[in-house]
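Report on the following structure.
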Amino acid sequence: MAGEFSLKSNSELSFYGNKKILPRSFYRRDTVTVARELLGHYLVHQSPDGLTAGRIVETEAYLQGDPACHASRGMTPRNRVMFGPQGYAYVYFIYGMYYCFNVVTRDEGVGEAVLIRALEPAAGIALMKSRRRREKINELCSGPARLVQAMGITREHNGADLTREPLFICHGGTMPAGIVTTTRIGIRAGSELPLRFYLRESAFVSKKEHKSHGKK
DNA sequence: AAGAAGATTCCG
DNA sequence: GGAATCTTCTTT
């Protein structure tokens, strides 16, 4: 079990209360379960510039053997973190200008991860606006590359331990209801698979209009 | 050595 | 609808 993390200021105290960092065992389970259960928890980053945090409202699962998964064709220098132990960050560069942030799941040797696609901004909103150069709240973290920018996540965080400061995920307090399942966004192969999950009531999902899959 | 594609975002 | 922009991996 991970312990309680330290509190560095009154403003952090007012946000955190006594929330707990998710333990490494949370991430060891099957990747679809982790993708669904990450919804409602908080991604937190204590950077030198200040604290930012957001409630996770949209995720996608990437599985070994799934052609859309970076690990589907074996380990390369880029994706090696996916094959490592669970509970670490996999950050990759895409389209010549953006980064995406994933959480590595399952045991060492299995290349699977959960892409975090959207957050509801919860703390450090002024800093998020500054990093994003956008004022609208729903343009800060609604999209995988947007939230990376708003949270101050960089390529240096590839391989970072998410059960410790300064970048971690902590318990959201309540179990959210109303998870919508759809196909994933922006991929070719594997586009039929129902591996995207988001909170139905959230106004901070990147795209609501997408092929819904079965259960609502 | 060269080429194509990419888990996106923003602007026109 | 299309450009921006460059790393990574695959193919010659």
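In my numbering, the protein residues as written are -16 to 199.
From the three backbone atoms N, C-alpha and C, an ideal C-beta is built for every residue, glycine too.
Keeping to the same chain, check which residues put their C-beta closer than 7 Å to that of residue i; ignore five residues upstream and five downstream.
i, result
"H154", "K2, K3, L5, H24"
"L145", "G70, Y71, A72, V86, F151, I152"
"K190", "I168"
"E184", "G161"
"A186", "N121"
"Q47", "A54, S55, V93, G94, E95"
"A143", "Y71, A72, L150"
If you drop the 5 nearest sequence neighbours on each side, which residues of the same chain put their C-beta closer than 6 Å to that of residue i?
i, result
"S(-11)", "Residue confidence for S(-11) is low, a pLDDT of 46 falling below 50, so the modelled location carries little weight; the figure read from the coordinates is stated next. Answer for S(-11): no residue qualifies."
"A133", "M111, R114, R115, L123, C124"
"Y81", "A128"
"L178", "E43, A44, R167"
"R11", "Q69"
"L130", "L102, C124"
Pull up the DSSP beta-bridge partners for residue i, would you.
i, result
"G57", "DSSP output for G57 lists no bridge partner at all."
"H28", "T35, L150"
"A44", "V97"
"Y82", "F76"
"E103", "R38"
"R63", "Note: R63 sits in no beta bridge, so no partner."
"V87", "A96"
"Y10", "DSSP lists no partner for Y10."
"R179", "E43, T165"
Assign residue i to one of two classes, buried (16 or more other C-beta atoms within 10 Å of its C-beta) or exposed (fewer than that).
i, result
"F151", "buried"
"D49", "buried"
"T14", "buried"
"R171", "exposed"
"E20", "buried"
"K198", "Note that K198 has pLDDT 34, beneath the 50 cutoff, so the model's placement of it is unreliable and the number below is only indicative. Classification for K198: exposed."
"Y78", "exposed"
"F9", "buried"
"G(-14)", "Residue confidence is low: G(-14) scores 39 on pLDDT, short of 50, so the model does not pin down where it sits. No coordinate-derived value is stated."
"K35", "Note that residue 35 corresponds to Thr in the displayed sequence, not to Lys. The residue is buried, with at least 16 neighbouring Cβ atoms inside 10 Å."
"N(-7)", "For N(-7), the predicted structure reports a pLDDT of 46, less than 50, and the residue's modelled location is therefore unreliable. The matter cannot be settled from this model."
What is the C-beta distance between residue i and residue j, in whole angstroms, given that I count them as a contact (C-beta under 8 Å)?
i, j, result
"V67", "E91", "Inspection of the sequence shows that residue 67 is occupied by Gly rather than by Val. Indeed they touch by this definition, with Cβ atoms about 6 Å apart."
"F180", "T42", "5 Å"
"V64", "E103", "So it is not a contact: roughly 26 Å between Cβ atoms."
"E139", "Q29", "The Cβ separation is near 14 Å, so there is no contact."
"A109", "G37", "Actually they are not in contact, since the Cβ atoms of A109 and G37 sit about 14 Å apart, beyond 8 Å."
"G126", "A101", "7 Å"
"G33", "G107", "6 Å"
"I99", "L176", "Not really, about 18 Å apart at Cβ, beyond 8 Å."
Under 8 Å Cβ to Cβ from residue i, same chain only, skipping five residues before and after it: list those, please.
i, result
"V97", "T14, V17, A18, L21, T42, E43, A44, Y45, N85, V86, T88"
"S174", "A51, T166, R167"
"L182", "L22, G23, V40, E41, P159, G161, I162, V163, V188"
"Y75", "H53, R61, N62, Y82, C83, N85, N141"
Continuous beta strand (DSSP E) assignments of at least 3 residues falling wholly in the stretch 109 to 171
150 to 153, 162 to 165
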